[in-house]
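Some notes on the structure that comes next.
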Amino acid sequence: MDVKDMTEGELPRAAAETDCCEPQQGRTAAGRSSHRVALETHDLTVTYRKRPVLYGIDVAIPEGNLIGIVGPNGAGKSTLIKAVMGVVRSTGGWVKVFGKPVKESLKRIGYVPQRESIDWEFPVTVMDVALMGTYGKLGPFRWVGEEQRRRAREALERVGMLPYAKRQIGNLSGGQQQRVFLARALAQDSDLYLMDEPFAGVDAATESAIVELLKDLRSQGKTVIVVHHDLQSAREYFDMLLLLNMRLVAFGPTAEVFTTELLQKTYGGRLTILSEMAEKAAREGTGKLHPKNEP
Amino acid sequence: MSGILAAGSTGLSGLTLALIASLALGVASGLLGTFVVLRRESLFGDMLSHAVFPGVVAGFFLSGWLAREGWVENAKNPLVILFCALVAGVLGAVVVTVLGRTTRLKQDARLGIVLSVFFAGGIALFGFGQPAGVQGFLYGQTAAIDATDLRLMLGAAAIVGVAVLLFRRPLLVVSFDEGYAHNLGYPVTWLTLMFSVLLTMSVVVAMQAVGVVLVSAMLITPAATAHLMTDRFPRMMALSVLFTILASVGGTLLSGSVSDFAAGPVIALCATALFVAAYVFAPRYGLAARFWHDRGQRQRIQRENVLKDIYRVLEREGFPAEGATVGTFEAERRLDREGAERELKMLEDAGALIRRNGGERLVLSEEGWRQAARVVRNHRLWELYLTNEAAYQADHVHDDAEIVEHLLGEEAIQRLEAELGFPKTDPHGSPIPQPSAPPIHTTS
Numbered sequence: 001m002d003v004k005d006m007t008e009g010e011l012p013r014a015a016a017e018t019d020c021c022e023p024q025q026g027r028t029a030a031g032r033s034s035h036r037v038a039l040e041t042h043d044l045t046v047t048y049r050k051r052p053v054l055y056g057i058d059v060a061i062p063e064g065n066l067i068g069i070v071g072p073n074g075a076g077k078s079t080l081i082k083a084v085m086g087v088v089r090s091t092g093g094w095v096k097v098f099g100k101p102v103k104e105s106l107k108r109i110g111y112v113p114q115r116e117s118i119d120w121e122f123p124v125t126v127m128d129v130a131l132m133g134t135y136g137k138l139g140p141f142r143w144v145g146e147e148q149r150r151r152a153r154e155a156l157e158r159v160g161m162l163p164y165a166k167r168q169i170g171n172l173s174g175g176q177q178q179r180v181f182l183a184r185a186l187a188q189d190s191d192l193y194l195m196d197e198p199f200a201g202v203d204a205a206t207e208s209a210i211v212e213l214l215k216d217l218r219s220q221g222k223t224v225i226v227v228h229h230d231l232q233s234a235r236e237y238f239d240m241l242l243l244l245n246m247r248l249v250a251f252g253p254t255a256e257v258f259t260t261e262l263l264q265k266t267y268g269g270r271l272t273i274l275s276e277m278a279e280k281a282a283r284e285g286t287g288k289l290h291p292k293n294e295p
Numbered sequence: 001m002s003g004i005l006a007a008g009s010t011g012l013s014g015l016t017l018a019l020i021a022s023l024a025l026g027v028a029s030g031l032l033g034t035f036v037v038l039r040r041e042s043l044f045g046d047m048l049s050h051a052v053f054p055g056v057v058a059g060f061f062l063s064g065w066l067a068r069e070g071w072v073e074n075a076k077n078p079l080v081i082l083f084c085a086l087v088a089g090v091l092g093a094v095v096v097t098v099l100g101r102t103t104r105l106k107q108d109a110r111l112g113i114v115l116s117v118f119f120a121g122g123i124a125l126f127g128f129g130q131p132a133g134v135q136g137f138l139y140g141q142t143a144a145i146d147a148t149d150l151r152l153m154l155g156a157a158a159i160v161g162v163a164v165l166l167f168r169r170p171l172l173v174v175s176f177d178e179g180y181a182h183n184l185g186y187p188v189t190w191l192t193l194m195f196s197v198l199l200t201m202s203v204v205v206a207m208q209a210v211g212v213v214l215v216s217a218m219l220i221t222p223a224a225t226a227h228l229m230t231d232r233f234p235r236m237m238a239l240s241v242l243f244t245i246l247a248s249v250g251g252t253l254l255s256g257s258v259s260d261f262a263a264g265p266v267i268a269l270c271a272t273a274l275f276v277a278a279y280v281f282a283p284r285y286g287l288a289a290r291f292w293h294d295r296g297q298r299q300r301i302q303r304e305n306v307l308k309d310i311y312r313v314l315e316r317e318g319f320p321a322e323g324a325t326v327g328t329f330e331a332e333r334r335l336d337r338e339g340a341e342r343e344l345k346m347l348e349d350a351g352a353l354i355r356r357n358g359g360e361r362l363v364l365s366e367e368g369w370r371q372a373a374r375v376v377r378n379h380r381l382w383e384l385y386l387t388n389e390a391a392y393q394a395d396h397v398h399d400d401a402e403i404v405e406h407l408l409g410e411e412a413i414q415r416l417e418a419e420l421g422f423p424k425t426d427p428h429g430s431p432i433p434q435p436s437a438p439p440i441h442t443t444s
């Protein structure tokens, strides 16, 4: 709880970057505070089938917070996380986690993908999925041992899924399925958690249990970044919000960025002309608009 | 292994060679088939089998040429053939990928194009010199396999087996949850490429056994059969290997007993017979198991409904210690005597009911009481939940509760009770029983 009080008290000025396309010099405000930066992106840009999804995202997320990524459908919320993880390839910019390139920090990241991306008929049990959380530190060639099983059991215990350890994952409710994937991330024992819509298709009881768990992680000094689509509860759950609509609209403490003006800016329609022109430029082969620095 | 092979050209009978080939086939295509089926890449496997064919033909030409030049001993050098097959397979996969990146065509159309054009190319190439031995790849040659063929099959199977063993976890994670594979730091692109190469090898093995067209039968059918049988991944791999071997051995023996019958189709038919058996008899997902399960559910629901009505009769009469009469039970269930007796016998057989006074009086056993109280509680809690929390009218809730009462588990009940503040009565004012409490009337 100490950590929480501290972060809420001292949290940095909002690193709101509302002016479109002006490249930010150096670190954001949050990065300069007494807190170290968990996740930093610079000019991160993603295009999907020539259609731009994220434009030049600059953000520095300080350690030890519970952060919500909110924005309308198609704003690129999940894409942002996937680009950080390297699941979708970014077309420009860079990402650092704990000051290092993502590839070197993978062991400190726990990723919880969207539930829809999973094949629930796959022949794995709850225990098998939790064990995957220990694979990262185990390396590819060693056998799973008692140590790994113990960690997986502990993680399942924490989310209340240990009694279901032997169940095939398809024979679970939506909320239980989500908890299994949280357990997998817990078994990784990471410092930064990236969760893609962990509350989607989850009952109210599970939702509040998950929120408690996330707060628990934060009080241990972990950084938890959650893609979330419900504004109402976003205000209640998160210390900091990242408002996204293809561009970073604002990032900062919830109290500062949860304003009518910024929310309107986030939800008030797309950057239609910008995206049309970028798409046209790609289609006509006249050169790409945003990504100035191709990898 | 080399000992067997050295003897192979002289000592071992054709049947023994065929059986050893079956083992190779089981390892190679059984293992990879598991991944193919789970990754939904069945059509991709089919494409590879056709794309590899021109490579095999080219391999024969190249090998023959190398032999004439004195570079290799045998005009049918397994390494050369395998190498050319790999090149062709990977080329096919690359063309599919490139078409995907540069056109609007969907995967199935891309696979279809590549599959047919490569296969046509292979047949055309074959027409140039018709090297002996290619026929074996086209139609399968399990029964007529020789030591050289076997060396190729065993080598490829060994590589596949070792690679799957070494990379079992990365391959599992990449197939199950590719995004998470990135998190674990696995080289996803390389793993996918490696998988394609291994798949090509197993395709080469399967081609020799059953021929180009039936390769996908060997990749898909045994693994699909295994998928119906189990929920565990290692077990699915083991079963897939086992089924492939069984189909191959069975097919070889069967086709051997009928003269001049090609082994390939018989092997594929054997694999399908195993599939049909699993479809019907698989322990959990088979037709029979589902039938028994559904039947069991229907019986349970029926039993619970009858118990509930006995409970209602008892409740209305103030839980008399001597129990309810058969007459009131008949009236409650709206049954004639015969129908009532059938239901009562069902409860007696399940140990839920005790009949007294020459059968005229109905008393619930401990177990019967528990079950009856549970289903009545479920019914009333659900009615209360619908009226209180879901804003239903009290006269609209009964039919829903008739269904849900049989579905509520203990965990859901605990949440319901907590949410409703541990209620004592339902919306109609009837008390909600506690199954854990002792029976209100005594049975002893």
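Going down the list, the protein sequences come from chains A and B. Residues 1 to 295 in our numbering are what the first sequence lists, from first letter to last. Residues 1 to 444 in our numbering are what the second sequence lists, from first letter to last. Glycine is no exception: its CB is placed at the ideal position from the N, C-alpha and C atoms.
| Check | Outcome |
| --- | --- |
| Within-9 Å CB hit, L138/A to chain B | yes |
| Residue environment, N357/B, which counts as buried when at least 16 other CB atoms sit within 10 Å | exposed |
| Proximity below 9 Å, CB of V226/A to CB of I67/A | yes |
| Residue ranges of each alpha helix (DSSP H) within the region 56-108 of chain A, 4 or longer | 77-85, 102-105 |
| Nonlocal neighbours in the same chain, by C-beta distance under 6 Å from Y164/A, ignoring five residues either side | V126 |
| Inter-residue Cα distance where the pair is V162/B and V205/B | 15 Å |
| Whole-angstrom distance between K308/B and A273/B, CA atom to CA atom | 46 Å |
| Rounded separation between L416/B and A157/B - CA only | 56 Å |
| For L407/B and L138/A, the rounded distance between their alpha carbons | 42 Å |
| Exposure label - L171/B; buried when at least 16 CB within 10 Å | buried |
| Counted within 10 angstroms of its Cβ, other Cβ atoms place G26/B as buried (16 or more) or exposed | buried |
| For Y164/A, the three-state DSSP class (helix, strand or coil) | helix |
| Pairwise C-alpha distance: V203/B and V160/B | 11 Å |
| Proximity below 9 Å, CB of G55/B to CB of G122/B | yes |
| From T230/B, S255/B, H428/B, E332/B, residue whose alpha carbon lies closest to that of A18/B | S255/B |
| Ranges of the beta strand (DSSP E) found wholly within the region 272-346 of chain B, counting only runs of at least 3 | none |
| Cross-chain neighbours of K82/A in chain B, by beta carbon under 8 Å | G179 |
| Contacts around L463/B, its chain only, beta-carbon distance under 6 Å, and the 5 residues preceding and following it disregarded | Since the displayed chain B opens at 1 and closes at 444, residue 463/B lies outside it and no answer follows. |
| Close beta carbons around T254/A, own chain, < 7 Å, minus the five adjacent residues each side | R235, F238, D239, M240, L241 |
| Same chain, Cβ closer than 8 Å to R108/A, five either side skipped, listed in chain order | V97, F98, S190, D191, L192 |
| Helix, strand or coil at V404/B according to DSSP, with G and I counted as helix | helix |
| Own chain partners of E121/A with C-beta closer than 7 Å, once the 5 adjacent residues on each side are dropped | G170 |
| Three-state secondary structure (DSSP) of A394/B | helix |
| Residue(s) in a DSSP beta bridge with N245/A | R247/A |
| Beta carbon proximity, D231/B to chain A, threshold 9 Å | yes |
| Same chain only: Cβ atoms within 8 Å of I245/B, ignoring 5 sequence neighbours per side | S22, L23, L25, G26, G30 |
| Sub-9 Å separation of E410/B and A394/B beta-carbons | no |
| Beta-carbon proximity of G71/A to T260/A, cut-off 9 Å | no |
| Integer Cβ distance of M297/A from L80/A, believed to fall under 8 Å | Residue 297/A falls outside the range modelled here, since chain A spans only 1 to 295, and no answer is possible. |
| Span separating the alpha-carbon of A6/B from that of A147/B | In this predicted model, A6/B has a pLDDT of only 42, less than 50, meaning its place in the structure is not dependable enough to derive any value. |
| Short CB-CB distance (under 9 Å) between L166/B and chain A | yes |
| Distance between beta carbons of V180/A and A250/A, contact taken as under 8 Å | About 34 Å; that fails the 8 Å criterion. |
| Residue nearest to L48/B in terms of C-alpha spacing, selected from I310/B, N77/B, V94/B, T16/B | V94/B |
| Member of R295/B, S248/B, A67/B, F128/B whose CA lies at the smallest distance from the CA of G264/B | S248/B |
| Classification of S13/B by the beta-carbon crowding that lies within 10 angstroms, buried from 16 upward | exposed |
| Interface flag, K107/A vs chain B, CB-CB below 9 Å | yes |
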